[in-house]
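Number of protein chains: 2
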Amino acid sequence: MNLKELSAKLNLSPTTVSRALNGYPEVKEETRRRVLAAASRYDYSPNARAQGLATGRSQAIGHVIPLSTKHEMVNPIFGDFIAGAGETYSSHGYEMLISVVEDDRAEDAYRSLKRRGVVDGIILHGPRMEDPRIPLLQDLGLPFVVHGRASGLPQDYSWLDVNNRRAFQRATDFLLDLGHRRIALINGLETMDFAARRRAGFETALTARGFNADPALQLSGEMTEAMGHTSALELLDRPMPPTAFLVSSMVSAMGVRRALEDRGLRMGVDVSVITHDDALSYFTGGDDVPLFTATRSSVREAGRQVAQMLIDRIDTPDAPPRQVLMEAELTVGRSTGPAPTE
Amino acid sequence: MNLKELSAKLNLSPTTVSRALNGYPEVKEETRRRVLAAASRYDYSPNARAQGLATGRSQAIGHVIPLSTKHEMVNPIFGDFIAGAGETYSSHGYEMLISVVEDDRAEDAYRSLKRRGVVDGIILHGPRMEDPRIPLLQDLGLPFVVHGRASGLPQDYSWLDVNNRRAFQRATDFLLDLGHRRIALINGLETMDFAARRRAGFETALTARGFNADPALQLSGEMTEAMGHTSALELLDRPMPPTAFLVSSMVSAMGVRRALEDRGLRMGVDVSVITHDDALSYFTGGDDVPLFTATRSSVREAGRQVAQMLIDRIDTPDAPPRQVLMEAELTVGRSTGPAPTE
DNA sequence: TTATGCACTCAAAGCGCTTTGGGCTGAGTC
DNA sequence: GACTCAGCCCAAAGCGCTTTGAGTGCATAA
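Chains Y and S, in that order, are what the protein sequence lines are. For reference, each letter of the first sequence is one residue, going 1 to 342 in our numbering. For reference, each letter of the second sequence is one residue, going 343 to 684 in our numbering.
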């Protein structure tokens, strides 16, 4: 069933039917009701491609995810983010389009999406410092919102980020209050903007109390379970091992925990651990007192909000860019305790 | 730049340019080269919507994921599956379109995708037993491939699945060989087809040796970390606790492991654990001897293959459906050992 | 009565592509 | 020399929608 057929059944012109369907005021209320009824009876919806061709819009949002050998994006948080964004999209009539591309071809992907008119906007994931994709998207004139943000760019653009710096500063303070002095940082790849900010927060807290951040206690890498494990082992086997770990992700924290176990150390007693927790649906829930003390912020909620910001931006392209900073909460679990007396 | 403009620059008709671009034989090789050169110089690609309108195809594949309060689909494996499928799509010129919908509206979503002509095919996730979506998609005439499969349906359709039954049978045999007799099963939701098959494998192995599967030792639920933890605690606190656990996912296995620790039990010594491992990129790697003994099968590879099967199906709709059964490998880690003597 | 609006409705153009059905050359055939 | 036949290329229709510009009929005002 297409527009023409439907309008034939109604003895109306396609014009009128189209207007009735799209809520234009030129059509009589009674006519509109007739049209709506017929549309639902014959199970009609407009062909999206034809509609798009006529309107110049595609009602789709693009997410380009680099297919890294380094797995930064195809990571555990991805599913939750997508779920959040998808909720918003479907309630606004947008489709979500995901493009998986080789790492070095991300720019081509954006260009191609724009050229072929496949999407109306883009959500930019995993920004690095001075990320070149941001000026590129601005050049292309493709509306976009960044999940996270990129330091060192002069431009003004829309983003939503967690206050990573403050979160890690608070976490570090918390450990210092407990008497810890040798605190290790197991961070994500520090080319990633969020990781750099976390380290900054960590260092700020230390220097504010007159300690200096020992570079030997700061490791960074892909946030896998194995990375947490090997990093922690390496640190624990040093002559002056840390008494506390600040870890950038739940998954790595699982690795750290395994390392503690390997060395016969009790988490929360012999060694404290704080992790960042993205509030992933499959990791939370259950216990009264969570396993990990954590800085927590829901990635799913971030997805919802970023999507909404982008849709707003598409609707009113001339509005100034918006920035949203979500604060992470610090929830106390069983992985932290006072520093052991030496 | 559009076709008309490009052909004007070349002093050719749009017809010829289109043919040159699409590899039709009616155009002279030299002309084709000229066209191709101009296209790349002017950075031209055809408008996807117009192309789709003209050809009747959309070059997009749909994935409908139910936004459960129960999180079966928005789960850790999703990212990896998507990455695999995305690889295949992008090398074949397809886009991936993801629709997040309320649980009970999945059928509407399929209908709508079909009606509006948004996708050329569908990948069906997380099939349940006698899943009604399969006959629906057949009715709609929308090409599809199932990741997993659904028991109890008369129809013949394309699917790719892991041999869950055999995998869990082998894992159970392995535990029996080690002398374990009280083996617990911590399974996914048994409305899910894969979970039912895993239990079948588990029971088959037991009965084949003359033991009977104790229903009291079989729990099932959402495969979260918390679920693994509470299930294991409950079982361990019984008068005759299991000496081994067979767990349906890595995430739940982490929970089981935590429960063992809570009770002061050593994994691989006091209690054995085997888990199914979807070979997620962020959980693997690192150690020589993996933490968990596991039945392993790469979800990413599954994504690649399912996508390819669907594309083949779209290209040749009359070919008979294909079924692919991937065998899981049983890799021995440090979580299993001989049953403790009582 | 004629003009002036208003409320509806429609025909047709256009979005950017593919594809059908020729048309025009020039080389090969008898 | 007339005829066929590739080999190239083109004009135009059509995909299914939106939107512009133009009625048409009818009530109201002048």
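Think of the CB as a built atom: it goes at the ideal place given N, C-alpha and C, for glycine as much as any other residue. Keep in mind the model is a prediction, meaning the values are calculated, not measured.
Chain S contact for residue i (CB, 8 Å cutoff)
i                     : result
residue 309 (chain Y) : no
residue 45 (chain Y)  : yes
residue 121 (chain Y) : no
residue 282 (chain Y) : yes
residue 18 (chain Y)  : no
residue 148 (chain Y) : no
residue 118 (chain Y) : yes
residue 115 (chain Y) : yes
residue 268 (chain Y) : no
residue 93 (chain Y)  : no
residue 264 (chain Y) : no
residue 225 (chain Y) : yes
residue 271 (chain Y) : no
residue 344 (chain Y) : The requested residue 344 (chain Y) does not occur in the structure, where chain Y is confined to residues 1 to 342.
residue 141 (chain Y) : no
residue 90 (chain Y)  : yes
Proximity test, Cβ basis, 8 Å: residue i and chain Y
i                     : result
residue 380 (chain S) : no
residue 392 (chain S) : yes
residue 616 (chain S) : no
residue 440 (chain S) : yes
residue 552 (chain S) : no
residue 683 (chain S) : no
residue 443 (chain S) : yes
residue 562 (chain S) : no
residue 365 (chain S) : no
residue 468 (chain S) : no
Whole-angstrom C-beta distance between residue j and residue i, which should lie under 8 Å
i                     : j                     : result
residue 292 (chain Y) : residue 264 (chain Y) : Going by Cβ atoms, the distance from residue 292 (chain Y) to residue 264 (chain Y) rounds to 20 Å, so no, they are not a contact pair.
residue 209 (chain Y) : residue 165 (chain Y) : Between residue 165 (chain Y) and residue 209 (chain Y) the Cβ distance is about 16 Å, and since that is not below 8 Å, they are no contact.
residue 49 (chain Y)  : residue 395 (chain S) : 5 Å
residue 544 (chain S) : residue 510 (chain S) : 5 Å
residue 85 (chain Y)  : residue 306 (chain Y) : 6 Å
residue 233 (chain Y) : residue 214 (chain Y) : Between residue 214 (chain Y) and residue 233 (chain Y) the Cβ distance is about 18 Å, and since that is not below 8 Å, they are no contact.
residue 179 (chain Y) : residue 339 (chain Y) : 4 Å
residue 172 (chain Y) : residue 246 (chain Y) : 6 Å
Own chain residues within Cβ distance below 7 Å of residue i, not counting five before or after
i                     : result
residue 39 (chain Y)  : 6, 21
residue 44 (chain Y)  : 1, 6
residue 504 (chain S) : 639, 668, 670
residue 87 (chain Y)  : 304
residue 610 (chain S) : 676, 677, 678, 679
residue 584 (chain S) : 524, 525, 526, 559, 577
residue 368 (chain S) : 361
residue 240 (chain Y) : 182
residue 92 (chain Y)  : 311
residue 317 (chain Y) : 143
Residues near residue i by beta carbon distance below 8 Å, same chain, minus five either side
i                     : result
residue 407 (chain S) : 415, 416, 420, 440, 441, 442, 443, 467
residue 211 (chain Y) : 176, 181
residue 373 (chain S) : 354, 358, 362
residue 60 (chain Y)  : 94, 95, 96, 97, 118, 119, 120
residue 153 (chain Y) : 130, 131, 134, 135
Residues of its chain near residue i, where Cβ-Cβ distance is below 6 Å and the 5 sequence neighbours each way are ignored
i                     : result
residue 512 (chain S) : 672
residue 619 (chain S) : 592, 636, 638
residue 573 (chain S) : 528, 561
residue 299 (chain Y) : 77, 80, 81, 278
residue 188 (chain Y) : 195, 223, 248
residue 563 (chain S) : 569
Next on the checklist: Does the stretch 248–261 of chain Y come into contact with the stretch 223–239 of chain Y, if we say contact requires no fewer than three beta-carbon pairs (one atom in each stretch) closer than 8 Å?
Outcome noted: yes
Checklist entry - Counting Cβ pairs closer than 8 Å, one from the stretch 457–465 of chain S and one from the stretch 474–486 of chain S, do we hit at least three? => result yes
Checklist entry - Per the contact definition of three or more C-beta pairs closer than 8 Å, is the stretch 157–174 of chain Y in contact with the stretch 309–322 of chain Y? => result yes
Next on the checklist: Using a Cβ-Cβ cutoff of 7 Å, what residues of the stretch 582–600 of chain S are near chain Y? List them in chain order.
Outcome noted: 593, 596, 600
Item to check | Inter-stretch contact (C-beta, 8 Å, three-pair minimum) for the stretch 143–154 of chain Y and the stretch 184–195 of chain Y | outcome: yes
Checklist entry - What are the residues of the stretch 631–645 of chain S that lie near chain Y, defined by any Cβ-Cβ distance shorter than 9 Å? => result 633, 642
Checklist entry - Between the stretch 54–84 of chain Y and chain S, which residues of the former have CB atoms less than 7 Å from a CB of the latter, in chain order? => result 58, 67, 71, 74, 75, 76, 78, 79, 80, 82, 83
Checklist entry - Taking contact to mean at least 3 C-beta pairs separated by less than 8 Å, is the stretch 450–461 of chain S in contact with the stretch 646–659 of chain S? => result no
Next on the checklist: Within 8 Å, do at least three Cβ pairs link the stretch 289–306 of chain Y to the stretch 355–369 of chain S?
Outcome noted: no
Checklist entry - Between the stretch 653–682 of chain S and chain Y, which residues of the former have CB atoms less than 7 Å from a CB of the latter, in chain order? => result none
Next on the checklist: Along the stretch 197–208 of chain Y, where does the CB come closer than 9 Å to a CB of chain S? Name the residues.
Outcome noted: none
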